[in-house]
Amino acid sequence: MNTLWAAAVVSCLVPMGTVWAQRQMALGDFDGDRRAEVFRPDGGNWWLASPSPGSWSYLNVSAATLANTRLADMNGDGKLDVFHANGTDWMVSYGGTTGWNFLRSSPLTVSQVALGDFNGDGQADVFYPDGANWWVFYSGSGSQTYLNVSAATLANTRLADVDGDGKTDVFHANGTGWMVSYGGTTGWNFLRSSSLTVSQVALGDFNGDGQADVFYPDGANWWLFYSGSGSQTYLNVSAATLANTELADVDGDGKTDVFHANGTGWMVSYGGTTGWNFLANSSYTF
Ligand SMILES: [Ca+2]
Ligand SMILES: [Ca+2]
Ligand SMILES: [Ca+2]
Ligand SMILES: [Ca+2]
């Protein structure tokens, strides 16, 4: 597996849905050094900061915000790109530094789609579940292609590489169990019984084996379900929740870290197992 782009794709796909849309900043690897940067659109410009020391650098001029963009590696160069849907067209800014490049016309907005690499070519594809079937637009520019028949939507799924083959899988929680469709093309494969829904968990590769694990912060402790099928395993003691954290590889070792912003500073728990490591003084939060 090409871990470079896989890490980039995974790191940006974890946060989805309304929480993501309301966020003011997001983490991802924009320069291809495997370490995540902090991306912040302010409605007029895009800004980028290393988690430490956290000082902002100008990236681009654009009114696009997290509400109408998604971060993914669209051209497979190992650097995150900014995907944008305006209601009539899809477009991309490579590395967040170029102007808009046209991908295709589409009335679909970012709230209706999610990005993942379903064919494993390193380029993120656009996933669109319409309530009856799943569709994919390869590399964001391809024609609408049938992927599978399923009523599962973005509200009860998450995209991640659960089996570590380099292709994005569809993780699904229905209130009683977790299941996965490998590459989005297979039927449901049972992972484990769980009452936890996708809004309570986030996916990341905490042990660096290439398989996404399920992270569950309950307000007092962090728990992990390795590869989505393992037993509930204690990870750390922390009151930090999904609302004030984001999963990203901050130090570039291939293992997902927990980045936390508390209103006065940024900190990180490496692999989710260490105590907080101070990164920067910053009032910027999610
Ligand atoms: Ca980086
Ligand atoms: Ca790229
Ligand atoms: Ca692809
Ligand atoms: Ca996979």
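Note that the sequence shown covers residues -21 to -1, 1 to 265 in mature numbering (1 follows the signal peptide of the UniProt record, and there is no 0). Backbone N, C-alpha and C define an ideal beta-carbon position, used for all residues, glycine too.
{"Asked": "8 Å Cβ cutoff met for ALA218 and GLY198", "Found": "yes"}
{"Asked": "Member of VAL177, GLY33, TYR117, THR253 whose CA lies at the smallest distance from the CA of TYR213", "Found": "THR253"}
{"Asked": "Simplified DSSP assignment, three categories, for LEU59", "Found": "coil"}
{"Asked": "C-beta atoms of residue 287 and TRP25 nearer than 8 Å", "Found": "No information on residue 287 is available, as it lies outside the stretch -21 to 265 that the chain covers here."}
{"Asked": "contact_flag[the region 107 to 119, the region 78 to 95] where n(CB pairs < 8 Å) is 3 or more", "Found": "yes"}
{"Asked": "C-alpha distance - ASN(-20) paired with ASP56, whole-angstrom precision", "Found": "Confidence is the limiting factor: at ASN(-20) the pLDDT is only 38, short of 50, which leaves the residue's position unreliable, though a coordinate-based value still follows. Each residue's Cα considered, the two are about 11 Å apart."}
{"Asked": "C-beta atoms of ARG13 and GLY231 nearer than 8 Å", "Found": "yes"}
{"Asked": "Identified DSSP bridge partners for PRO20", "Found": "TRP25"}
{"Asked": "Chain-order list of residues whose beta-carbon lies under 8 Å from that of THR124 (same chain, five-residue window excluded)", "Found": "TRP114, VAL115, PHE116, TYR117"}
{"Asked": "Span separating the alpha-carbon of ALA51 from that of MET246", "Found": "24 Å"}
{"Asked": "Close-in-space but distant-in-sequence residues of the same chain around residue 269 (CB under 6 Å, 5 per side omitted)", "Found": "A query on residue 269 cannot be resolved here, the shown segment of the chain reaching from -21 to 265 and no further."}
{"Asked": "Proximity to GLY156 [Cα-Cα], best of ASN135, ASP144, ASP148", "Found": "ASN135"}
{"Asked": "Presumed contact (8 Å Cβ cut-off) between ALA15 and ALA227, rounded CB distance", "Found": "4 Å"}
{"Asked": "Ligand 2 heavy atom lying under 7 Å from the CB of ASN54", "Found": "yes"}
{"Asked": "Any non-hydrogen atom of ligand 4 within 7 Å of THR147 CB", "Found": "yes"}
{"Asked": "Closest by C-alpha distance to ARG137, when choosing among PRO86, ASP144, ASP8, PHE194", "Found": "PHE194"}
{"Asked": "Distance between TRP35 and ASN168 (C-alpha atoms, nearest Å)", "Found": "44 Å"}
{"Asked": "Contact test: VAL71 Cβ vs ligand 4 heavy atom, cutoff 7 Å", "Found": "no"}
{"Asked": "ASN215 - DSSP class collapsed to helix/strand/coil", "Found": "strand"}
{"Asked": "N- and C-terminal bounds of the beta strand (DSSP E) containing THR164", "Found": "Counting along the chain, THR164 falls outside any beta strand (DSSP E), and DSSP gives it neither H nor E."}
{"Asked": "Pocket of ligand 3 defined by Cβ to heavy atom distance under 7 Å", "Found": "ASP96, PHE97, ASN98, GLY99, ASP100, GLY101, GLN102, ALA103, ASP104, TYR117, SER118"}
{"Asked": "Reduced DSSP secondary structure (H/G/I, E/B, other) of VAL237", "Found": "strand"}
{"Asked": "Top-ranked residue by Cα proximity to THR77, from ALA130, SER31, GLY66, PHE62", "Found": "PHE62"}
{"Asked": "Assigned exposure category for VAL216 - 16 Cβ within 10 Å defines buried", "Found": "exposed"}
{"Asked": "Candidates SER174, GLN179, ASP96, SER122: closest to LYS146 by CA position", "Found": "ASP96"}
{"Asked": "Closest residue to ASP100 among ASP192, ASP144, SER173 (Cα-Cα distance)", "Found": "ASP144"}
{"Asked": "Residue environment, ASP148, which counts as buried when at least 16 other CB atoms sit within 10 Å", "Found": "buried"}
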